[in-house]
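Working notes, beginning with the structure itself.
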Amino acid sequence: MKLKLREITEGETRLLVPETGELTKKSPVFFNPEMELSRDISVAIVKITEPETFCDLLSGSGARGIRIANETTAKVLANDINPMAYDLIKRNKELNSLDLEVTNLEGNLLLAGKRFDFIDIDPFGSPVHFIDSALRSVNKKGILAVTATDTAALCGTYPRACLRKYDALSLRTDYYNELGLRILMGYITRSAMRYEKGIKPLFSHCTRHYFRTYLQVLGGRSHAIKSLRNIAFIQHCFSCLEREFVTLDKLKSDCQCGADLHTAGPLWIGKFADSEFCRKLKGEIGQEYFGKSKEAVKLIDKIRLEQEVTKPYYNIHKVSKKMKTPSKPTNEIIEALQKRGFNAVRTHFSDLGLRTDADISEISDIISYDIK
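Quick look at the structure:
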């Protein structure tokens, strides 16, 4: 089968990619033009962290790995088990006159014999099949970058699939996408702890159809124990919309409003990004040659600010609907919460969402009495 190709430019790199068509597991070679933002962020993060070695484990057309090789100083290995993808990666290597290693192996087999400072896992679907191998292969203080596109499982649409893949309960809540990201991060963290390793989130986001997290892997029992403190559950009330992170020994059956509580997890309950790292990332990705620079800067600003509150966000339209009252402007609700002394910020997960340490009764009270 002969691929129909076209040439594009991303960042400072020329790429031969398949003609745009429906993206499925059966696509001859995988390339998603909507992931340019993700690739821009990856290049910027590699520039900041300066790894000596970078593994693009599931490279597809080679777009991410080729860009890393061309736009950073990292020594890159680009791998894909698909022979057609392997051939296309080599063509992109030649197109840009690059010195990088290209392999045609199953991902776990490749990782079994090598060590890397930075490992990128970007599958079509769930990444769980490669997590253990990557955790064993990544160097001390190295970085694991993981994408998940099986959002229906992680976000509660298919809870049995989530339990089967991620060993976690999911729920279809109004903050379903944040829940999905935290379940993914929780799974990676629990996997790391089995090897006496801990994780430090550098940057994570939910964009369109995928989750993406960049985690620094820290070796040693003390780091594993520290990470364990950020693994817990969330209990959600579908009646009053209250939600709370709780440890296993403090799970309850009833909400304070009298309704049943529903439980999701285990999941990551800590910050999903590092504020100082976000500042560095914003400075790097502000360069004009990044095609998605403006979009990335807005995303990074929101993510940096929302680390002030770890409690899952509230969808203001859902809260207003539950109260049977007209929806109020999100900015006005945030200002009113701040006047009462609460932390309150917007979230990148939803244009209708806000993060706050206020509980649902306090939010409802502000919507009812503080905003005209």
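Take any residue in the sequence shown, note its place counting from 1, add 61, and you have its number in the working numbering. No residue lacks a Cβ here, since even glycine has one placed at the ideal position from N, Cα and C.
Closest by C-alpha distance to residue i, when choosing among the options
i: glutamate 393; options: Glu423, Ile427 and Arg340; result: Ile427
i: cysteine 316; options: His284, Asp420 and Gln348; result: Asp420
i: leucine 170; options: Glu155, Ile192 and Leu149; result: Ile192
i: lysine 341; options: Ile109, Asn93, Arg75 and Leu98; result: Ile109
i: glycine 241; options: Arg255, Tyr256, Lys258 and Asp211; result: Asp211
i: leucine 279; options: Ser288, Trp329 and Tyr271; result: Ser288
i: aspartate 148; options: Arg221, Lys202, Val189 and Leu64; result: Leu64
i: isoleucine 377; options: Glu337, Gly344 and Ser429; result: Ser429
i: glycine 259; options: Gln277, Leu245 and Arg273; result: Gln277
i: glycine 247; options: Ala105, Val163 and Lys332; result: Lys332
i: methionine 254; options: Arg290, Arg225 and Glu396; result: Arg290
i: isoleucine 204; options: Ser198, Phe179 and Lys226; result: Phe179
i: proline 327; options: Phe115, Met384, Pro387 and Lys226; result: Lys226
i: threonine 234; options: Ala139, Phe338, Asn93 and Ile295; result: Ile295
i: alanine 405; options: Lys379, Thr386, Tyr375 and Pro387; result: Tyr375
i: leucine 156; options: Val199, Ala173 and Arg75; result: Arg75
i: valine 369; options: Asp418, Ser194 and Pro220; result: Before going on, a small fix: residue 369 reads as glutamate here, not valine. Here the closest residue by C-alpha is Asp418.
i: leucine 302; options: Lys372, Arg243 and Gln348; result: Lys372
i: valine 189; options: Leu159, Asp160, Leu161 and Ser252; result: Ser252
i: lysine 202; options: Glu111, Gly123 and Asp160; result: Glu111
Test item: CB-CB of residue i and residue j under 8 Å
i: leucine 398; j: arginine 407; result: no
i: leucine 360; j: histidine 266; result: yes
i: alanine 293; j: threonine 308; result: yes
i: asparagine 165; j: aspartate 183; result: no
i: serine 120; j: alanine 146; result: yes
i: leucine 196; j: leucine 215; result: no
i: glycine 281; j: glutamate 257; result: yes
i: isoleucine 346; j: serine 354; result: yes
i: asparagine 143; j: glutamate 73; result: no
i: valine 163; j: lysine 154; result: yes
i: glutamate 239; j: phenylalanine 410; result: yes
i: serine 422; j: methionine 384; result: no
i: valine 107; j: alanine 135; result: yes
i: alanine 285; j: aspartate 101; result: no
Residue span of the alpha helix (DSSP H) that contains residue i, given as start and end
i: serine 388; result: First-last for serine 388: undefined, no H or E at that position.
i: asparagine 344; result: According to the sequence as given, residue 344 is glycine; it is not asparagine. Looking at the DSSP string, the run of the alpha helix (DSSP H) that includes glycine 344 is 336-346.
i: glutamate 356; result: 354-366
i: alanine 130; result: 124-132
i: glycine 331; result: Element bounds for glycine 331: n/a, residue is neither H nor E.
i: valine 107; result: 97-110
i: serine 120; result: Serine 120 -> no alpha helix (DSSP H), and no H or E assigned at all.
i: leucine 245; result: 237-254
Contacts around residue i, its chain only, beta-carbon distance under 6 Å, and the 5 residues preceding and following it disregarded
i: alanine 335; result: A small correction: the amino acid at residue 335 is aspartate; alanine does not occupy that position in the sequence shown. Around aspartate 335: Leu263.
i: alanine 320; result: Cys298 and Ser300
i: glycine 217; result: Ser231, Leu232, Arg233 and Tyr237
i: leucine 366; result: Val406
i: aspartate 228; result: none
Same chain, Cβ closer than 8 Å to residue i, neighbours up to 5 away in sequence not counted
i: serine 103; result: Arg125, Arg128, Ile129, Asp181 and Ala206
i: lysine 151; result: Val163
i: lysine 389; result: Ile377, Ser381, Ile428 and Ile432
i: isoleucine 70; result: The sequence shown places threonine at residue 70, not isoleucine. The answer, listed in chain order, is Leu76.
i: glutamate 97; result: Glu71, Gly352 and Lys353
Heavy atom of the ligand HEM within 7 Å of residue i beta-carbon
i: valine 370; result: Inclusion of the ligand HEM in the displayed structure is not the case, the ligand content being empty and no account of it being possible.
Element boundaries [beta strand (DSSP E), containing residue i]
i: arginine 45; result: The requested residue 45 does not occur in the structure, where the chain is confined to residues 62 to 433.
i: valine 137; result: 136-140
i: serine 411; result: 411-417
i: arginine 401; result: Looking at the DSSP string, arginine 401 is not in any beta strand (DSSP E), and its letter there is neither H nor E.
i: valine 380; result: From DSSP, valine 380 is part of no beta strand (DSSP E) but of the alpha helix (DSSP H) over 377-384.
i: phenylalanine 115; result: 114-117
Cross-strand partners of residue i (DSSP beta bridge)
i: glycine 259; result: Leu279
i: cysteine 216; result: Paired residue(s): none; cysteine 216 is not in a bridge.
i: serine 265; result: Thr274
i: glutamine 296; result: Glu305 and Thr324
i: arginine 75; result: Thr70
i: isoleucine 204; result: Phe179 and Gln277
i: leucine 230; result: Gly326
i: valine 199; result: Phe177
i: aspartate 315; result: Asp321
i: threonine 164; result: Asn140
i: alanine 209; result: Phe272
Neighbourhood of residue i by C-beta distance below 7 Å, restricted to the same chain and skipping five residues each side
i: arginine 273; result: Ser99, Thr208, Ser265 and His266
i: arginine 269; result: Glu95
i: asparagine 200; result: Arg176, Phe177 and Asp178
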